[in-house]
Amino acid sequence: MTFDGFETLAIHAGQEPDTGTGAVVVPIYQTSTYAQDGVGGLRQGYEYSRTGNPTRAALEECLAALEAGTRGLAFASGMAAEDTLLRTVLSPGDHIIIPGDAYGGTFRLISKVVERWGVAWDAVDQSDPEAVRAAVRPETRVVWTETPTNPLLNITDIEAVAAIAHDAGALYVVDNTFASPYLQQPLALGADVVVHSTTKYLGGHSDVVGGALVVADAELGERLAFHQNTMGAIPGPFDSWLTLRGVKTLGVRMDRHSANAERVVAALEDHPAVRRVYYPGLDGHPGHKVAERQMRAFGGMVSFALRDGEKAALELCERTEVFTLGESLGGVESLIEHPGRMTHASTAGSPLEVPADLVRISVGIESGDDLVADLLGALEG
Numbered sequence: 150m151t152f153d154g155f156e157t158l159a160i161h162a163g164q165e166p167d168t169g170t171g172a173v174v175v176p177i178y179q180t181s182t183y184a185q186d187g188v189g190g191l192r193q194g195y196e197y198s199r200t201g202n203p204t205r206a207a208l209e210e211c212l213a214a215l216e217a218g219t220r221g222l223a224f225a226s227g228m229a230a231e232d233t234l235l236r237t238v239l240s241p242g243d244h245i246i247i248p249g250d251a252y253g254g255t256f257r258l259i260s261k262v263v264e265r266w267g268v269a270w271d272a273v274d275q276s277d278p279e280a281v282r283a284a285v286r287p288e289t290r291v292v293w294t295e296t297p298t299n300p301l302l303n304i305t306d307i308e309a310v311a312a313i314a315h316d317a318g319a320l321y322v323v324d325n326t327f328a329s330p331y332l333q334q335p336l337a338l339g340a341d342v343v344v345h346s347t348t349k350y351l352g353g354h355s356d357v358v359g360g361a362l363v364v365a366d367a368e369l370g371e372r373l374a375f376h377q378n379t380m381g382a383i384p385g386p387f388d389s390w391l392t393l394r395g396v397k398t399l400g401v402r403m404d405r406h407s408a409n410a411e412r413v414v415a416a417l418e419d420h421p422a423v424r425r426v427y428y429p430g431l432d433g434h435p436g437h438k439v440a441e442r443q444m445r446a447f448g449g450m451v452s453f454a455l456r457d458g459e460k461a462a463l464e465l466c467e468r469t470e471v472f473t474l475g476e477s478l479g480g481v482e483s484l485i486e487h488p489g490r491m492t493h494a495s496t497a498g499s500p501l502e503v504p505a506d507l508v509r510i511s512v513g514i515e516s517g518d519d520l521v522a523d524l525l526g527a528l529e530g
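The sequence shown begins at 150 in the working numbering and counts up by one.
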């Protein structure tokens with residue numbers, strides 16, 4: 150019998166009990182190399198842990214199953230995954246389209262590193278598919294989407310933009326970090342590659358850094374695996390094990406993140422100190438209908454702007470007690486940050502610069518009552 154329920158896959162895909170001992174949890178194969186049965190006689194295909202490791206292989210198989218892809222590849226960080234992907238599929242003279250409010254690390258990689266290889270780029274508001282179509286050039290090789298975006302929570306219609314990318318002969322990449330595969334599966338909607346910072350919701354406990362790529366096409370998966378091994382930015386066995394441990398509870402955590410976020414949004418919407426709330430679950434969000442169609446729920450990320458500007462935003466970030474001031478997101482604990490000074494500082498002075506009055510929160514799985522009370526107390530000073 151084949152089981153395909155998400156929560157079942159998260160716990161069992163790539164994670165059969167150990168054949169030797171019966172251990173129900175995948176072992177940490179903390180080894181750099183493997184004994185061979187004669188020259189070239191590899192046991193189960195393993196020769197060196199940069200190339201392959203059984204703990205990492207279990208994680209990669211599980212991630213592929215959760216995203217309904219043909220192959221998953223794990224990396225030392227989300228940025229390592231992005232770098233490996235871009236160097237695999239781009240050449241000098243190519244062109245890439247990115248979101249108009251992309252993650253600061255992605256923008257930095259493309260504008261400060263990839264551009265130096267002779268690759269051109271354009272940032273486009275992808276909530277309008279026709280804006281993407283207008284930005285396509287003959288040399289466009291990649292269309293890169295985040296949905297929801299970081300930090301303004303804009304929504305892209307994955308199916309519509311996938312069709313535009315494919316009409317142009319371009320690869321369509323979706324960063325699914327904010328949604329996680331529990332809330333959204335871009336490959337099923339037409340994407341070619343899904344990117345994750347597994348540091349965030351997949352790991353879920355703020356104790357491990359990692360990244361991943363999941364692909365629909367097996368041949369592209371082979372090319373990426375070649376570059377993964379050649380470049381070597383792979384996670385160690387313990388990091389792979391921690392991420393796999395986190396994945397097991399992804400479904401129940403995302404349900405709680407989303408439910409808590411909805412409570413927080415309801416409280417922020419009516420507060421006189423708040424100028425605007427950015428959350429795709431709101432009926433008034435311009436991407437609400439698309440998000441409703443392509444997501445299971447609206448996630449745990451919320452951004453909001455304060456009426457009294459940047460000073461008020463900075464002060465708020467320092468007044469919360471349950472929400473910890475810190476970068477990153479997706480852990481069980483709630484975090485608060487000022488994107489303009491923190492995660493998106495690299496966009497200052499560029500078309501991707503974020504509003505100075507913006508605050509971003511990662512809503513954790515604590516008591517919803519405590520989270521609302523903490524934010525309201527901090528807003529009242």
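For every residue, glycine included, the Cβ atom is placed at its ideal position computed from N, Cα and C. Quick caveat, the model's predicted, so the values are computed rather than measured.
Can you check the region 344-371 for any beta strand (DSSP E) of at least 3 residues that lies completely inside it and give the ranges in chain order?
-> Runs of the beta strand (DSSP E) inside the region 344-371: 360-364.
Apart from the five residues on each side of it in sequence, which residues of its chain come closer than 6 Å, Cβ to Cβ, to E470?
-> Result list for E470: D523, in chain order.
Pairwise C-alpha distance: F472 and G353 | For G353 and F472, the distance between alpha carbons rounds to 16 Å.
Name the DSSP bridge partner or partners of R220?
-> When DSSP reads this structure, R220 sits in a beta bridge with V364.
To the nearest angstrom, report how far apart P330 and V508 are at their CA atoms.
-> Distance between the alpha carbons of P330 and V508 is about 25 Å.
Completely contained alpha helix (DSSP H) runs for the region 368-434, where each covers 4 or more residues = For the region 368-434, whole alpha helix (DSSP H) runs of length 4 or above, ordered along the chain, are 386-396, 399-418.
C-beta atoms of R290 and V343 nearer than 8 Å | At a Cβ-Cβ threshold of 8 Å, R290 and V343 do not count as neighbours.
Please confirm whether G448 and S407 have their CB atoms less than 8 Å apart.
-> A contact, by the Cβ cut-off of 8 Å.
Cβ shell of A280 (< 6 Å), same chain only, five flanking positions each side left out = Once the five neighbours on either side are set aside, the close Cβ partners of A280 are V273, D274.
Proximity of D250 and L501 at Cβ, strictly below 8 Å = Yes. Within cutoff.
Roughly how many angstroms lie between the CA atoms of R456 and D506, to the nearest whole one?
-> Each residue's Cα considered, the two are about 8 Å apart.
Three-state class that DSSP yields for A280 in the structure shown = DSSP, read as helix, strand or coil, puts A280 in helix.
Between the C-alpha atoms of G360 and A422, what's the straight-line distance to the nearest angstrom?
-> Separation of G360 and A422 (C-alpha to C-alpha, rounded to the nearest whole angstrom) is 37 Å.
Alpha carbon of P166 to alpha carbon of F155, nearest angstrom = Their backbone Cα atoms lie some 19 Å apart in a straight line.
Given S548 as reference, the closest of P300, D366, G479, A269 once Cα atoms are compared | Nothing can be reported for residue 548: it is not among the residues displayed for the chain, which extend from 150 to 530.
G221 vs V363 beta-carbon contact at 8 Å | The Cβ atoms of G221 and V363 lie closer than 8 Å to each other.
Who are the near neighbours of A214 in its chain, counting only those whose CB is closer than 6 Å to its CB and skipping five residues on each side?
-> Take A214, set aside five residues on each side of it, and the residues of its chain with a beta-carbon closer than 6 Å to its own are L158, A162, in chain order.
Please list, in chain order, all residues of the same chain as L332 whose beta carbon is under 7 Å from its beta carbon, the five residues on each side excluded.
-> A distance below 7 Å between beta-carbons, with the five flanking residues on each side excluded, links L332 to the following residues of its chain, in chain order: M403, M444, R445, A446, G448.
Consult DSSP for S198 and reduce its assignment to one of helix, strand or coil.
-> In the structure shown, S198 sits in coil (DSSP, three-state: anything other than H, G, I, E or B).
Please look up how many angstroms separate the CB atoms of E482 and G513, rounded, as I've assumed it's under 8 Å.
-> Rounded to whole angstroms, the Cβ separation of E482 and G513 is 5 Å, and the two are in contact under 8 Å.
Determine the extent of the alpha helix (DSSP H) in which E210 is found, giving its start and end residues.
-> Element bounds for E210: 203-215.
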